[in-house]
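Number of protein chains: 2
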Amino acid sequence: MSVLSPDDLEDALRAIGAERYHNRHPFHRALHEGRLDRGQVQAWALNRFYYQSRIPAKDATLIARLPTAELRRAWRSRLIDHDGDAPGTGGVARWLRLASGVGLDPDYVESLDGLLPGTRFAVDAYVHFVAGRSILEAIASSLTELFSPTIIAERVSGMLAHYDFVDRDTLAYFTPRLEQAPKDSAFALDYVRAHATTEETQAAVLAALRFKCGVLWSMLDALDYAYVSPGHVPPGAFVPAG
Amino acid sequence: MSVLSPDDLEDALRAIGAERYHNRHPFHRALHEGRLDRGQVQAWALNRFYYQSRIPAKDATLIARLPTAELRRAWRSRLIDHDGDAPGTGGVARWLRLASGVGLDPDYVESLDGLLPGTRFAVDAYVHFVAGRSILEAIASSLTELFSPTIIAERVSGMLAHYDFVDRDTLAYFTPRLEQAPKDSAFALDYVRAHATTEETQAAVLAALRFKCGVLWSMLDALDYAYVSPGHVPPGAFVPAG
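Line order of the protein sequences matches chains A and B.
Sequential numbering from 89 applies to the first sequence in the numbering used here.
Sequential numbering from 89 applies to the second sequence in the numbering used here.
Following this line, the structure appears as structure tokens:
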């Protein structure tokens with residue numbers, strides 16, 4: 089591989105998304121196409137909550153490592169988006185309302201008692217990656233947000249059309265994400281285009297995005313294996329009622 | 089929960105193994121009962137190699153944190169068991185021979201190119217656990233070895249009986265483990281019995297063993313989901329030939 093132009097690097101990043109982003113996962117397709125029952129949607133909401141709840145830890149870890157006030161300020165907006173400005177605001181609180189909306193006890197969700205070990209390991213791997221890799225790799229690992237507006241649109245329309253236990257209020261988490269994710273991914277993409285200018289750093293940012301796609305994909309692997317027929321719920325994890 | 093006697097604590101630890109150790113996992117049963125094909129056994133050997141290869145890192149991480157020469161010397165025997173005294177000796181090298189024995193290119197195995205992300209995240213979670221938790225919890229997390237002699241005996245006899253591509257030489261990894269694991273687990277169990285003497289530390293060691301059972305269980309979840317019918321190999325992971 090030789091050094092890519094910024095446009096070619098962006099194309100290579102987008103090609104990774106086209107191959108590996110979790111919109112191609114069978115569990116995602118089943119969720120959007122209405123093939124899951126309420127207990128399976130609950131399992132998804134419960135496990136995905138852990139991802140949402142660790143995103144501020146991931147972002148704070150990166151902010152702590154950023155060298156300038158300008159970069160820290162730019163990244164700080166993500167903390168505000170996720171943690172809000174007051175109790176009950178922000179993305180994590182909205183996800184908890186999604187979980188309540190599909191019938192889960194929010195205290196149980198927050199306790200993490202029913203979490204799949206595979207979810208925990210994948211999410212923790214993301215936080216550790218951002219703590220331990222170069223700042224460029226840490227920023228590149230956020231670039232799955234380039235691909236999220238499409239999946240959010242599919243998810244919201246599919247879930248509203250197919251599940252009578254889901255309404256617009258339940259899915260309110262996703263509305264601000266349609267503006268936040270493109271703003272965030274544009275900043276991260278500009279940074280990566282400007283700073284990944286050698287063969288070595290370009291290979292590293294491509295690997296970082298592959299890694300992050302693996303995190304999201306592996307979370308759906310764990311859900312599909314545990315909760316979709318025949319279902320292999322591991323010892324101690326959430327068991328849907330009925 | 090009130091404070092348990094050392095014997096009752098040991099019973100509680102053994103009860104966790106009875107419920108959560110991975111000898112109860114469907115992939116393990118399929119492996120031992122001859123229901124896998126050669127490609128599926130290869131996938132198991134390739135992914136399990138990553139676990140084997142990180143055990144010395146896990147042990148060195150703990151040795152670095154142990155406060156006395158006596159404890160460090162005791163734990164050092166594990167490093168010697170796994171890394172050997174010369175090239176080609178030790179548990180990691182023997183696992184690579186197992187992988188070669190079932191038909192894999194050892195360079196490919198060592199490259200980790202075909203590793204399942206779920207395997208990587210679970211194994212890395214174990215190393216991070218040992219780095220970040222109390223020494224007592226780190227030692228308790230090794231106690232899955234209490235249960236390994238049984239699974240090893242089942243594995244060796246089952247694989248020799250059912251797979252014509254497996255012979256005793258291929259499975260030579262397991263022979264010394266039948267003596268090493270009981271010696272190691274006896275040391276760790278004595279330490280835990282002696283040092284987990286409060287409600288809080290007893291709850292912590294029980295949680296540490298549950299965590300570790302989750303690591304091993306989740307590795308088999310990932311293998312079963314990816315490689316057993318219908319098979320959902322994630323993008324980029326090992327695809328068996330044929």
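Using N, Cα and C, we set each Cβ at its ideal position, and we do this for glycine too.
Q: Report all residues from its chain with a CB closer than 6 Å to the CB of residue 296 (chain A); omit the five preceding and five following residues, and keep chain order.
A: 225, 228, 229, listed in sequence order.
Q. In whole angstroms, what separates the C-alpha of residue 286 (chain A) from that of residue 308 (chain A)?
A. Their backbone Cα atoms lie some 34 Å apart in a straight line.
Q: Would you tell me roughly how many angstroms separate the C-alpha atoms of residue 171 (chain A) and residue 178 (chain A), rounded to the nearest one?
A: Between the alpha carbons of residue 171 (chain A) and residue 178 (chain A) lies a gap of roughly 5 Å.
Q: Would you please state the rounded distance, in angstroms, between the beta carbons of residue 312 (chain A) and residue 313 (chain B)? I believe it to be under 8 Å.
A: 7 Å between Cβ atoms; contact.
Q. Given that residue 41 (chain B) touches chain A, what residues does it touch there, using C-beta distances under 8 Å?
A. No answer is possible for residue 41 (chain B): it lies beyond the span of chain B, which begins at 89 and ends at 330.
Q: Name, please, each residue of chain B whose Cβ falls closer than 7 Å to the Cβ of residue 170 (chain A).
A: Against residue 170 (chain A), chain B offers no close residue; the least beta-carbon distance is about 22 Å (beta-carbon pairs closer than 7 Å).
Q.
Buried or exposed, going by whether 16 or more other CB atoms sit within 10 Å of the CB of residue 238 (chain B)?
A. Around the Cβ of residue 238 (chain B), a 10 Å sphere holds fewer than 16 other Cβ atoms; the residue is exposed.
Q) Can you check whether the CB of residue 184 (chain A) is closer than 8 Å to the CB of residue 194 (chain A)? A) Taking 8 Å as the cut-off, the beta carbon of residue 194 (chain A) is found closer than this to the beta carbon of residue 184 (chain A).
Q: Any chance you could list the alpha helix (DSSP H) runs of at least 4 consecutive residues sitting entirely within the segment 105-170 of chain B, in chain order?
A: Here the runs fully enclosed are 114-120, 126-153.
Q: Consult DSSP for residue 281 (chain A) and reduce its assignment to one of helix, strand or coil.
A: In the structure shown, residue 281 (chain A) adopts helical secondary structure according to DSSP, grouped into three states.
Q) Rounded C-beta distance between residue 180 (chain B) and residue 187 (chain B)? I'm assuming under 8 Å. A) Not quite, the Cβ-Cβ distance comes to about 11 Å (not below 8 Å), so this is no contact.
(Q) Just to make sure I have the definition right: I need the residues of chain A whose C-beta is within less than 9 Å of the C-beta of residue 312 (chain B). Which are they? (A) By Cβ distance, chain A contributes 313, 320.
Q) Less than 8 Å separating the beta-carbons of residue 190 (chain B) and residue 231 (chain B)? A) No. Outside cutoff.
Q.
Given a cut-off of 8 Å on the beta-carbon distance, is the pair residue 161 (chain A) and residue 261 (chain A) in contact?
A. Residue 161 (chain A) places its beta carbon 8 Å or farther from that of residue 261 (chain A).
Q. So what's residue 309 (chain B) in DSSP terms, helix, strand or just coil?
A. Helix.
Q. Straight-line CA distance for residue 219 (chain A) to residue 200 (chain B)?
A. Distance between the alpha carbons of residue 219 (chain A) and residue 200 (chain B) is about 22 Å.
Q. For the alpha helix (DSSP H) that residue 185 (chain B) lies in, which residues bound it at each end?
A. Run containing residue 185 (chain B): 179-189, per the alpha helix (DSSP H) assignment.
Q.
Please report the distance separating the alpha-carbon of residue 222 (chain A) from that of residue 164 (chain B).
A. Using only the alpha carbons, I get a separation of about 32 Å.
Q) Does residue 116 (chain B) get closer than 8 Å to chain A when you measure Cβ to Cβ? A) Answer no: the Cβ-Cβ gap between residue 116 (chain B) and chain A never drops below 8 Å.
Q: Would you kindly work out how many angstroms separate the C-alpha atoms of residue 122 (chain B) and residue 244 (chain B), rounded to a whole number?
A: Using only the alpha carbons, I get a separation of about 11 Å.
Q: Give the DSSP-derived three-state secondary structure of residue 220 (chain B) in the structure shown.
A: Per DSSP, reduced to three states, the secondary structure at residue 220 (chain B) is helical.
Q.
Just checking: is the beta-carbon of residue 216 (chain A) within a distance shorter than 8 Å of some beta-carbon in chain B?
A. Interface criterion met: the Cβ of residue 216 (chain A) is under 8 Å from a Cβ in chain B.
Q.
Against chain A, which members of the segment 283-298 of chain B pass a CB distance test of less than 8 Å?
A. Listed by position along the chain: 298.
Q. Hey, residue 246 (chain A) and residue 110 (chain A) are a contact pair by Cβ (cut 8 Å); roughly how many whole angstroms apart?
A. The Cβ separation is near 14 Å, so there is no contact.
Q. To which residues of the same chain is residue 208 (chain B) closer than 7 Å at the C-beta, ignoring the five residues directly before and after it?
A. Hits under 7 Å: 138.
**Q.** CB contact below 8 Å: residue 213 (chain A) versus chain B
**A.** Interface flag for residue 213 (chain A) against chain B is set, since a Cβ pair is found closer than 8 Å.
Q. List, in order along the chain, the chain A residues whose C-beta lies closer than 9 Å to that of residue 107 (chain B)?
A. 323, 324, listed in chain order.
Q: Compute the minimum distance between the beta carbon of residue 170 (chain B) and the heavy atoms of the ligand COA, and state whether it is under 7 Å.
A: For the ligand COA, the structure offers nothing, since it holds no ligand at all.
**Q.** Euclidean distance between Cα positions of residue 298 (chain A) and residue 94 (chain A)
**A.** Linking residue 298 (chain A) to residue 94 (chain A) through their CA atoms gives a straight-line distance of about 18 Å.
**Q.** Alpha-carbon spacing of residue 153 (chain B) relative to residue 116 (chain A), whole angstroms
**A.** Here the alpha carbons of residue 116 (chain A) and residue 153 (chain B) stand approximately 43 Å from one another.
**Q.** Under the three-state DSSP convention, the category residue 244 (chain B) falls into
**A.** Three-state result, residue 244 (chain B): helix.
Q. Hey, how far is the Cα of residue 136 (chain A) from the Cα of residue 321 (chain A)?
A. The alpha-carbon atoms of residue 136 (chain A) and residue 321 (chain A) are separated by roughly 16 Å.
Q. Chain B partners of residue 309 (chain A), CB-CB under 9 Å?
A. Simply 204, 205, 206, 309, 310, 313, 314, 320, 322.
Q) What do you get for residue 302 (chain B), buried or exposed, if any count of 16 or more other CB atoms within 10 angstroms of its CB means buried? A) Answer is buried; the Cβ neighbour count reaches 16.
Q) How many Å lie between residue 156 (chain B) and residue 156 (chain A) at the Cα? A) Spanning the two alpha carbons is a distance of roughly 42 Å.
Q | residue 108 (chain A) vs residue 305 (chain A) beta-carbon contact at 8 Å | A | It is a contact, given that the beta carbons lie within the stated cut-off.
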